[in-house]
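Scroll down for the structure; my scribbles are underneath it.
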């Protein structure tokens with residue numbers, strides 16, 4: 001289970017990093033600013049998760065402050081030795097956060 005959780009943690013971090021690339025650039029005079037929206041984050045995260053070989057559920061993908069991407073993903077882990085007793089599996093969840101470099 002530990003390895004599966006660490007794998008999911010890495011996926012959440014990668015998804016948040018991809019989501020942080022979903023910004024729109026706003027230029028005001030000589031100042032440039034990157035703005036993140038929930039939709040921009042979600043589009044980038046959806047593209048990344050679609051490329052994964054195993055299914056991972058997207059619980060949330062948002063930009064809580066317009067500068068950060070926060071992504072929560074989940075999957076079911078089925079224990080190899082006690083699957084008869086835990087037929088539905090164990091739900092694992094991970095959250096990753098990343099900020100834009102241009103914030």
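In the working numbering, the protein residues as written are 1 to 103. No residue lacks a Cβ here, since even glycine has one placed at the ideal position from N, Cα and C.
Just mark residue i as buried or exposed, buried being the case when its beta carbon has 16 or more other beta carbons within 10 Å.
i: residue 63; result: buried
i: residue 94; result: buried
i: residue 87; result: exposed
i: residue 40; result: buried
i: residue 36; result: buried
Helix, strand or coil, according to DSSP, for residue i in the structure here?
i: residue 45; result: helix
i: residue 28; result: strand
i: residue 17; result: helix
i: residue 50; result: helix
i: residue 38; result: helix
i: residue 8; result: helix
How big is the Cα-Cα spacing for residue i and residue j?
i: residue 12; j: residue 48; result: 10 Å
i: residue 1; j: residue 74; result: 13 Å
i: residue 7; j: residue 29; result: 44 Å
i: residue 32; j: residue 56; result: 35 Å
i: residue 96; j: residue 27; result: 28 Å
i: residue 4; j: residue 61; result: 21 Å
If contacts are defined as beta-carbon pairs under 8 Å, then residue i and residue j qualify, I think. What distance do you get, rounded to the angstrom?
i: residue 77; j: residue 58; result: The pair is not a contact, with the Cβ atoms about 17 Å apart (cut-off 8 Å).
i: residue 90; j: residue 80; result: Not confirmed; about 12 Å, so no contact.
Given 8 Å, three or more beta-carbon pairs between the segment 10 to 18 and the segment 52 to 69
With a cut-off of 8 Å on Cβ pairs, the segment 10 to 18 is in contact with the segment 52 to 69, counting three or more such pairs.
Stretch pair the segment 21 to 34 + the segment 86 to 103: three plus CB contacts closer than 8 Å
As far as the Cβ criterion goes, the segment 21 to 34 touches the segment 86 to 103, which means the pair count is three or higher.
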